[in-house]
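Enquirer: In this note's numbering, the protein residues as written are 218 to 748.
Quick reminder that beta carbons are idealized off the backbone N, C-alpha and C, glycines included.
One structure is given below, represented as structure tokens, and several questions about it will come after.
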Amino acid sequence: MRCFSFISIICCLLVTGCHKKSSSPPVEKVIRLSLKNEPSTLDPRKGGDVISSHMHFLLFEGLVKLNPDRSISMAQAETLQKSEDGLVYTFTLRNTFWSNGLPVTAYDFEKSWKDILSPSFPSPNAHLLYPIKNAEKAKKGLVSLDTVGIQALDNKTLIVTLETPTPYFLELISFCVFFPVCSQVDTENPSWAYHAGEQFVSNGPFLLSEWKHNDKILAAKNPLYWNQEQTRPDWIDFSIIENEMTALQLFEKGALDMIGDPISSLPVEALPSLKEKWKVQKFPVGATTILSFHIDRFPFNNVKIRKALSYAINGGTIIQNILQTDEIPALGAVPPILKRHQIRNFFQDANTVLARKLLKEGMEELGITEEAFSHLTYFYSSSEKNHKVAQAIQQQWKEVLGINIPIENLEFKVLMDKLSKRQYDLAQSLWVAQYNDQMNILERFKFKTNVKNYANWENPEYIQLLNESCYAEGECRERILEKAEMLFLDEMPICPIYHWDMNYIVQPYLSDVNISPIGDLVFNKLNLATR
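If you want it as structure tokens, here you go:
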């Protein structure tokens with residue numbers, strides 16, 4: 218026995234020695250990132266928050282995809298045919314597979330999209346499917362799901378029929394709510410998306426290896442992804458870190474490879490020193506920080522009151538003193554990147570004279586004094602940056618208008634719940650474009666029934682303009698949408714404060730950081746040199 222052990226050891230040493238003389242196996246590339254909060258769901262049909270959307274882009278893939286250069290390319294679909302009237306899209310799927318080896322089929326897409334349109338299915342982004350024939354009626358329970366214009370002709374052919382021509386349809390379906398889930402797994406185990414394991418099945422460049430809730434998410438390169446040779450990292454290790462300073466300290470110790478937008482935040486108070494020590498990189502995206510008024514609540518049912526509070530805000534000062542990242546004040550609702558970087562201002566920043574005039578007129582019409590505002594509450598989500606912005610706006614209102622509105626911070630999920638249920642007076646919120654077209658911002662306010670129409674605003678002329686834009690192209694369409702935006706801001710159901718730039722810092726060995734126009738980090742392109 219001893220002789221056998223000795224010989225075995227010698228053989229092992231010889232084999233090891235031979236391996237050392239040959240080329241070493243490649244070192245696996247592990248990218249270490251941080252998330253500012255836990256994703257609310259890893260089911261792309263149910264997502265509504267930014268972090269969840271990033272995870273959906275990481276783990277799943279749709280028919281087409283949006284590239285950083287704003288182009289649209291085929292993804293799970295290999296070819297596309299479009300009817301002359303622009304109403305029928307026929308997609309032919311390529312040979313792709315779920316991470317459990319099952320083929321991805323057109324029936325997976327049909328089931329996933331129709332699930333979203335079921336009246337009882339919880340999906341905050343269901344409205345994005347409404348350009349599809351009978352989709353909105355089905356969601357409202359007015360027609361059967363069988364009448365919806367989504368049909369799998371066979372395993373490889375998906376036919377989508379629209380209500381009206383939709384010039385931005387391919388941009389629209391590049392968003393993750395249109396990503397499929399495995400119909401067989403979803404039927405057999407409806408709770409598949411809550412934990413990592415064999416039941417969590419995806420079709421994107423990465424698969425879910427580990428998920429310790431509120432702690433970490435580990436994603437591994439998907440060996441069955443159709444385009445895996447274009448996927449550079451072998452692993453992406455996400456640490457869930459809510460405290461911005463904690464994330465920064467880990468980055469400076471070399472324990473994280475990137476921090477900042479779009480999946481975490483840079484501490485505002487540390488920006489001056491960060492700019493000296495690191496190269497703070499920036500990229501404009503379709504996102505805006507806004508102030509939303511509940512227009513059915515007193516006194517925000519008065520347009521002059523809404524305008525007074527909006528015109529009194531000095532966005533330039535907030536950007537210079539708090540953000541310190543060279544964004545631009547938002548004097549229009551639609552971020553410039555969604556308008557091919559064209560800037561159109563619909564009101565003046567810090568128009569204090571007009572703000573005071575409108576406040577006086579509005580209070581006279583309502584029969585109130587400045588004291589009425591002290592009984593309101595201004596909500597905002599918990600973060601150092603949000604807190605400082607809210608404080609600044611509160612102080613500007615005191616100085617310009619002589620009113621005091623109490624501010625209160627809430628957890629992000631709590632704030633979103635209040636907004637969606639319209640249980641608030643006014644709130645600091647945000648929007649992030651879900652597809653690369655300005656309609657993504659404008660259509661949120663088409664109907665009160667849209668869960669993201671937090672202001673609860675609706676206007677017949679506005680609806681008509683958005684409908685007209687579906688039948689126009691090029692500059693004609695842009696003029697119609699600009700008219701709609703002008704009408705929207707003339708009634709000021711929300712006040713845009715500043716449009717976003719993504720600001721982030723990376724370690725010297727991390728390269729090829731690509732961000733799409735809607736602010737999504739392209740995880741599979743990240744490249745890691747030797748640390």
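Given Asn-626, which residues of its chain have a CB within under 8 Å of its CB, disregarding the five upstream and five downstream residues?
Expert: Phe-596, Tyr-597, Ser-598, Ser-599, Asn-603, His-604, Ala-607
Enquirer: Can you tell me where the alpha helix (DSSP H) holding Ser-270 begins and where it ends?
Expert: 267-276
Enquirer: What separation, rounded to the nearest whole angstrom, lies between the Cα atoms of Glu-616 and Arg-573?
Expert: Distance between the alpha carbons of Glu-616 and Arg-573: 11 Å.
Enquirer: For Ala-472, I'd like the list of residues in its chain whose CB is within less than 8 Å of its CB, leaving aside the five on either flank, ordered along the chain.
Expert: Arg-249
Enquirer: Taking one C-beta from the stretch 294-304 and one from the stretch 339-346 each time, how about it: are there three or more such pairs within less than 8 Å?
Expert: no
Enquirer: Alpha carbon to alpha carbon, how far is Trp-495 from Pro-489?
Expert: 10 Å
Enquirer: Put Gly-503 into one of helix, strand or coil per three-state DSSP.
Expert: Here Gly-503 sits in strand by DSSP.
Enquirer: What residues match up with Cys-712 in a beta bridge as DSSP calls it?
Expert: Leu-508
Enquirer: Distance, Cα to Cα, Asn-741 vs Met-462?
Expert: 27 Å
Enquirer: Throw me the rounded Cβ distance for the Leu-206 and Ala-355 pair, which I believe falls under 8 Å.
Expert: The structure shown does not extend to residue 206, since the chain spans only 218 to 748, so no value can be given for it.
Enquirer: Return helix, strand or coil for Asp-325, following the three-state DSSP convention.
Expert: Looking at Asp-325 - three-state DSSP - the assignment turns out to be helix.
Enquirer: Going by DSSP in three states, Ser-419 sits in which element: helix, strand or coil?
Expert: coil
Enquirer: I believe Ser-269 touches Ser-251 by the beta-carbon criterion, under 8 Å. Please report the beta-carbon distance rounded to the nearest angstrom.
Expert: Ser-269 to Ser-251, Cβ: 16 Å. No contact.
Enquirer: For Cys-712, does the count of other Cβ atoms within 10 angstroms reach 16, so buried, or fall short, so exposed?
Expert: buried
Enquirer: Contact defined as beta carbons within less than 8 Å: I believe Asp-737 pairs with His-271. What is the distance between those atoms, to the nearest angstrom?
Expert: 6 Å
Enquirer: Which one of Glu-675, Glu-295, Asp-654, Val-668 has the shortest CA to CA distance from Leu-698?
Expert: Asp-654
Enquirer: When the distance is taken between beta carbons, is Lys-373 closer than 8 Å to Ala-323?
Expert: yes
Enquirer: Which runs of the alpha helix (DSSP H), 4 residues or longer, sit entirely within the stretch 434-480?
Expert: 461-469
Enquirer: Can the beta-carbon of Pro-450 be found closer than 8 Å to that of Lys-438?
Expert: yes
Enquirer: Relative to the C-alpha of Leu-310, which candidate in Trp-443, Asn-670, Ile-333, Ala-436 has its C-alpha closest?
Expert: Trp-443
Enquirer: Straight-line CA distance for Phe-277 to Leu-706?
Expert: Taking the straight line from one Cα to the other gives about 37 Å.
Enquirer: Between the Cα of Thr-506 and those of Pro-546, Glu-469, Asn-673, Lys-499, spot the shortest distance and give me the residue it belongs to.
Expert: Pro-546
Enquirer: Thinking Asp-325 and Cys-399 are a contact (beta carbons under 8 Å), I'd like their distance in whole angstroms, please.
Expert: Between Cys-399 and Asp-325 the Cβ distance is about 6 Å, and since that is below 8 Å, they are a contact.
Enquirer: Have a look at Phe-396, Leu-304, Pro-734, Tyr-688 and flag the residue whose alpha-carbon is nearest the alpha-carbon of Ala-650.
Expert: Pro-734
Enquirer: At which residues does the beta strand (DSSP E) containing Gln-645 begin and terminate?
Expert: 643-649
Enquirer: Can you list, in chain order, the residues of its chain with a C-beta nearer than 7 Å to that of Arg-694? Leave out the 5 residues immediately preceding and following it.
Expert: Pro-384, Ser-686
Enquirer: DSSP has Trp-428 in a bridge; who is on the other side?
Expert: Ile-434
Enquirer: At a cut of 8 Å, does the stretch 507-526 reach the stretch 642-649 through at least three beta carbon pairs?
Expert: yes
Enquirer: Which class does Glu-301 belong to by DSSP, given the choice of helix, strand or coil?
Expert: coil
Enquirer: Confirm, please, whether the CB-CB distance from Trp-330 to Val-321 is below 8 Å.
Expert: no
Enquirer: Classify Thr-233: buried if its beta carbon has 16 or more other beta carbons within 10 angstroms, exposed otherwise.
Expert: The predicted model places Thr-233 with a pLDDT of 38, which falls under 50 and marks its position as unreliable; any figure quoted below should be read in that light. Counting Cβ neighbours within 10 Å, Thr-233 comes out exposed, since fewer than 16 surround it.
Enquirer: Out of Val-631, Ser-637, Lys-635, Ala-589, which has the shortest C-alpha to C-alpha gap to Pro-623?
Expert: Ala-589
Enquirer: Which of helix, strand or coil does DSSP assign to Asn-744?
Expert: strand
Enquirer: Exposed or buried, Tyr-726, counting other C-beta atoms within 10 Å across all chains shown (16 or more means buried)?
Expert: exposed
Enquirer: Might you give, ordered along the chain, the residues of its own chain that have their beta carbon closer than 8 Å to the beta carbon of Leu-275, omitting 5 neighbours on each side?
Expert: Gly-421, Pro-422, Phe-423, Ala-436, Ile-453, Phe-740
Enquirer: When you compare only the Cα positions, how much space is there between Leu-280 and Glu-427?
Expert: 26 Å
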